[in-house]
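Trainee:
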Amino acid sequence: MGIETIKIPDLGGGDGVEVIEVCVAVGDTVAAEDSLLVLESDKASMEVPAPMAGVVKAISLKVGDTVNEGDVILELEVKAEIEGASASAPVSEKAAPEPVAPQNTPEPAAAPAPEKTAVVSAEQEVVVPDIGTGDQVELIELCVAVGDELEEGDSLVVLESDKASMEVPAPFAGTVSAIAVKLGDKVGQGTLLLKMKTAAELSPTEPSTTVEASSAPVAEAPVSTPTSTPVSAPAPVQETASEPTVVSQAGVYAGPAVRKLAREFGIPLEKVAGTGPRNRIVKEDLHAFVKTLTAKGPQSASAGSGIPAVPEVDFSQFGEIDIQPLTKLHKLTAANMHRSWLNVPHVTQYDDADITELEDFRKGLKAEAEKRGVKMTPLPFLLKAAASALLSNPKFNASMSADGENMVFKKYVHIGIAVDTPAGLVVPVLRDVDKKSLWELAAESAELAQKAKDRKLKPADMQGGCFTISSLGNIGGTGFTPIINTPEVAILGVSKLAVKPVWDGANFVPRQMLPLSLSYDHRAINGADAGKFFTEMGAVLADIRRLLL
Ligand code: CAO
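Written out as structure tokens, the structure is:
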């Protein structure tokens, strides 16, 4: 065992950098490379990793301190075997953070001085400067768009390595004329970032030049003359005036670890309020952001996915109100509807089925129905017609696998019926509809509807459906757009029967027309399939003898 004093490593040529996060506490066991501190200058932040594993015994710094190379960070108790390893690598070398700023930061806008003959608009290439590492780093923010007018020092891009993020400022004032990079690109010293036009005194024949932007230093760094080497193979330049991939997060202050976490969870950093020094976003802010989203429920969760949330309104300011909590069933139904509506591309097709003869037949069954103690409504006929169409159109009697890779075709025909109850909407399922008689279906649907209203349905009564019928016919309306009961791929809406004039080839005759609306999942079913399904259903409803065929 031994105590190692861990000090601020070489900061890449700068001094006086602020401690904005202390990532460890006394008593913590840290592994080599664990973050100890986060330091930040005006333009860059970096994490200082532990040079070795050990237990933190004392911490000499606190948030807000300004530190320089060599300042003591903390005392680390190191085990014997680790000590040996540390002895061969001095703390100052091992603890060096991912360099953020080069020792010799090139002077901004130090393009080679051209011959001065006239004032013209010159285009200059801006490349990634010496960023103190030979590795390629990721471009995580593009702060400008083509056409932007920039001042010298305005942020162009933010680059991020495992341990540090850094802004690359404009080396001179000008207008962005082309952007050569996009988010996620891996770049290194000399990579062409963009082109800028600047009014400069140049020879009219002066070719476009290349200027290295100075990566934002941690602190003031000694200035050296830049290398103005044109990039030999520049990345393709996007000349479009409004580049859609440009995302400006300029002004977002967050360290690499926070940015990484935000990316992993898809949190838009620009929407997170930073509570750290100078409004820096710290991990706790991300936690609070996610907690707020989850606490606000599904509506706000959708806001997180880019859908604007409906603003909360205090209705009592307009008059008397009565707030009643939603039932559990209502909330469940609402969540299912919302999920289906957001996940499934719905298409709804409308048609009227001529059920004049069906109605005559149904009404003729009234006496027998009474004897049997059942009510023969249009619903059992709709169930039979739907079962017939499902069998001859298997795409409707199917579900998409959750990964979107397969269609699951069902060899059974179980159909759900939407039942309106005081507690909310439920969908009990009638099994093997294709194999049952109209009388059986009439009895069973009435029984299930009654059970639903009495809240006596069991979960199994509502599972296994292949297709749903939602009948508002006894209530009214000429048509509606039913929402698919996922993972089913289609639903039939039934509206109120109406007598309409229909042209029979010689005359308009009064026919009893049943308005139907068929919503289907357009990922699984196309319009032609739906047209065929509808035509077949309509034919069966128009002449139920077809059920015998
Ligand atoms: N047009 C005109 N009249 C119709 C009809 C239609 N399309 N469908 C049914 N009717 C008639 C029936 O023939 C019956 O008339 P009689 O009393 O004269 O015989 C009357 O309307 C009542 O029928 P019903 O409601 O008792 O039976 P049903 O088989 O038609 O429906 C059920 C059963 C459970 C589907 C229904 O009661 C129900 O709850 N419907 C609401 C479903 C719903 O809310 N869907 C919305 C989902 S999306 O928000």
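In terms of UniProt numbering, the sequence shown is residues 1 to 549. Glycine residues also receive a C-beta, built at the ideal position from the N, C-alpha and C atoms.
(1) Check whether the region 258-274 and the region 53-69 are in contact - that is, three or more C-beta pairs closer than 8 Å.
(2) Asn-474: beta carbon under 7 Å from a heavy atom of ligand 1?
(3) Using the beta-carbon count (16 or more within 10 Å), is Thr-198 buried or exposed?
(4) Extract the residue ranges of the alpha helix (DSSP H) inside the UniProt domain "Lipoyl-binding" (3-77), only unbroken runs of 4 or more that lie entirely within it.
(5) Could you pull out every residue in the same chain whose Cβ sits closer than 7 Å to the Cβ of Gly-184, ignoring the five residues on either side in sequence?
(6) Using DSSP with H/G/I as helix, E/B as strand and the rest coil, what is Gln-349?
(7) For Ser-437 and Leu-383, I'd like the C-alpha separation in whole angstroms.
(8) Is Val-246 helix, strand or coil by DSSP?
(9) Would you call the region 394-403 in contact with the region 452-462, where contact means no fewer than 3 C-beta pairs closer than 8 Å?
(10) Return the CA-CA distance between Asp-285 and Leu-261, expressed in angstroms with no decimal places.
(11) Excluding sequence positions up to five away, which residues of its chain have a Cβ less than 8 Å from the Cβ of Ile-483?
(12) Between the alpha carbons of Glu-444 and Val-509, how many angstroms are there, rounded?
(13) Excluding the 5 residues flanking Lys-394 on each side, which residues of the same chain have their C-beta closer than 6 Å to its C-beta?
(14) Any heavy atom of ligand 1 closer than 7 Å to the CB of Ala-164?
(15) Suppose you measure from the CA of Ala-524 to the CA of Pro-380; what does that come to, to the nearest Å?
(16) Could you check which residue in Thr-29, Phe-289, Thr-191 and Ala-257 has the C-alpha nearest to that of Pro-268?
(17) Report buried or exposed for Ala-422, applying the criterion of at least 16 other Cβ atoms within 10 angstroms of its Cβ.
(18) Beta strand (DSSP E) containing residue 550: first to last residue?
(19) May I ask you to report which of helix, strand or coil DSSP gives Lys-456?
(20) State buried or exposed for Ala-178, treating a residue as buried only when at least 16 other CB atoms are found within 10 Å of its CB.
(21) So, using beta-carbon positions, are Val-176 and Leu-159 closer together than 8 Å?
(22) Less than 8 Å between the C-beta atoms of Gln-136 and Gly-188, yes or no?
(23) Can at least three beta-carbon pairs, one atom from the region 498-518 and one from the region 473-481, be found at a separation below 8 Å?
(24) Between the Cα of Val-168 and the Cα atoms of Val-17, Ser-45, Gly-70 and His-287, which residue gives the shortest distance?
(25) Once DSSP output is grouped into helix, strand and coil, what is the label at Ser-437?
(26) What did DSSP end up calling Lys-94 once you bin it into helix, strand or coil?
(27) Does the distance between the C-beta of Asp-420 and the nearest non-hydrogen atom of ligand 1 fall short of 7 Å?
(28) Given this structure, state the Cα-to-Cα distance separating Phe-361 from Asp-354, to the nearest angstrom.
(29) Is Gly-348 close to ligand 1? I mean its beta-carbon at under 7 Å from any heavy atom of the ligand.
(30) Could you tell me the distance, in whole angstroms, from the CA atom of Gln-324 to the CA atom of Thr-294?
(31) According to DSSP, which residues form a beta bridge with Asp-354?
(32) Taking the runs of the beta strand (DSSP E) that are 3 residues or longer, which of them lie wholly in the UniProt domain "Lipoyl-binding" (123-197)?
(33) How would you call Lys-7, buried or exposed, if buried means at least 16 neighbouring beta carbons within 10 angstroms?
(34) Check whether the Cβ of Ile-59 lies closer than 8 Å to any Cβ atom in chain D.
(35) Going by other Cβ atoms of all chains shown within 10 Å of its Cβ, with 16 needed for buried, is Asn-343 buried or exposed?
Mentor: A quick look at the data gives this:
(1) no
(2) As a position in the sequence shown, residue 474 is number 474, starting the count at 1. It does: the Cβ of Asn-474 is within 7 Å (strictly closer) of some heavy atom of ligand 1.
(3) Residue mapping note: residue 198 aligns to position 198 of the sequence shown, counting from 1. With 16 or more Cβ atoms within 10 Å of its Cβ, Thr-198 is classed as buried.
(4) none
(5) As a working note, residue 184 is residue 184 in the sequence shown. Excluding sequence neighbours, Gly-184 sits near Glu-138 and Leu-139.
(6) Along the sequence shown, one-based indexing puts residue 349 at 349. Here Gln-349 sits in strand by DSSP.
(7) Here residue 437 corresponds to residue number 437 of the sequence shown, with the count starting at 1. Here residue 383 corresponds to residue number 383 of the sequence shown, with the count starting at 1. If you take the alpha carbons of Ser-437 and Leu-383, they lie about 10 Å apart.
(8) Stepping through the sequence shown from its first residue, residue 246 is reached at position 246. Reliability fails at Val-246, whose pLDDT of 28 lies under 50, so the model's placement of it is uncertain and no value is given.
(9) no
(10) Here residue 285 is taken as the residue at index 285 of the sequence shown, counted from 1. Here residue 261 is taken as the residue at index 261 of the sequence shown, counted from 1. The straight-line gap from Cα to Cα measures roughly 11 Å.
(11) In the sequence shown, residue 483 corresponds to position 483, counting from 1. Met-337, Ser-340, Trp-341, His-346, Ile-491 and Ser-519.
(12) Counted from its first residue, the sequence shown places residue 444 at position 444. Counted from its first residue, the sequence shown places residue 509 at position 509. Rounded to whole angstroms, Glu-444 to Val-509 spans 36 Å at the Cα level.
(13) Within the sequence shown, the letter at position 394 stands for residue 394. Checking the displayed sequence, the identity of residue 394 turns out to be Pro instead of Lys. The residues are Phe-409.
(14) If you number the sequence shown from 1, residue 164 lands on position 164. Answer for Ala-164: no, Cβ out of range of ligand 1.
(15) Residue 524 sits at position 524 when you count from the first residue of the sequence shown. Residue 380 sits at position 380 when you count from the first residue of the sequence shown. The straight-line gap from Cα to Cα measures roughly 27 Å.
(16) In the sequence shown, the residue the question calls residue 268 occupies position 268. Residue Phe-289 is the option with its Cα nearest to Pro-268.
(17) Here the question's residue 422 lines up with position 422 in the sequence shown. The identity of residue 422 in the sequence shown is Pro, whereas the question assumes Ala. Exposed: under 16 other Cβ atoms inside 10 Å.
(18) Residue 550 lies beyond the stretch modelled for the chain, which goes from 1 to 549, so this question has no answer here.
(19) Numbered from its first residue, the sequence shown carries residue 456 at position 456. Lys-456 falls in the coil class under three-state DSSP.
(20) In the sequence shown, residue 178 corresponds to position 178, counting from 1. Per the 10 Å Cβ criterion, buried.
(21) The sequence position of residue 176 within the sequence shown is 176, counting from 1. The sequence position of residue 159 within the sequence shown is 159, counting from 1. Against a cut-off of 8 Å, the Cβ pair of Leu-159 and Val-176 comes out as no contact.
(22) Within the sequence shown, numbered from 1, the residue matching residue 136 stands at position 136. Within the sequence shown, numbered from 1, the residue matching residue 188 stands at position 188. Yes, they are a contact pair.
(23) yes
(24) Locating residue 168 in the sequence shown gives position 168, where the first residue counts as 1. Minimum Cα distance to Val-168 is reached at Ser-45.
(25) Position 437 of the sequence shown, counted from the start, is the residue given in the question as residue 437. Coil at Ser-437, not helix or strand.
(26) Counting from 1 along the sequence shown, the entry for residue 94 is found at position 94. In this prediction, Lys-94 has a pLDDT of 38, which is less than 50 and means its spatial position is unreliable; nothing more can be read from the coordinates.
(27) Taking the sequence shown and counting its residues from 1, one reaches residue 420 at position 420. Answer for Asp-420: yes, Cβ within range of ligand 1.
(28) The sequence position of residue 361 within the sequence shown is 361, counting from 1. The sequence position of residue 354 within the sequence shown is 354, counting from 1. Rounded to whole angstroms, Phe-361 to Asp-354 spans 13 Å at the Cα level.
(29) Here residue 348 is taken as the residue at index 348 of the sequence shown, counted from 1. Position check: residue 348 holds Thr in this sequence, whereas Gly was assumed. Flag unset: Cβ of Thr-348 not near ligand 1.
(30) Mapped onto the sequence shown, residue 324 falls at position 324. Mapped onto the sequence shown, residue 294 falls at position 294. So the two alpha carbons sit approximately 22 Å from each other.
(31) Here residue 354 corresponds to residue number 354 of the sequence shown, with the count starting at 1. Paired residue(s): Met-513.
(32) 137-142, 155-160, 164-169 and 174-179
(33) Translated into positions along the sequence shown, residue 7 becomes position 7. By the 10 Å Cβ count, Lys-7 comes out buried.
(34) Judged by its chain identifiers, the structure shown contains no chain D, having just a single protein chain.
(35) Position 343 of the sequence shown, counted from the start, is the residue given in the question as residue 343. Exposed, since its Cβ has fewer than 16 Cβ neighbours within 10 Å.
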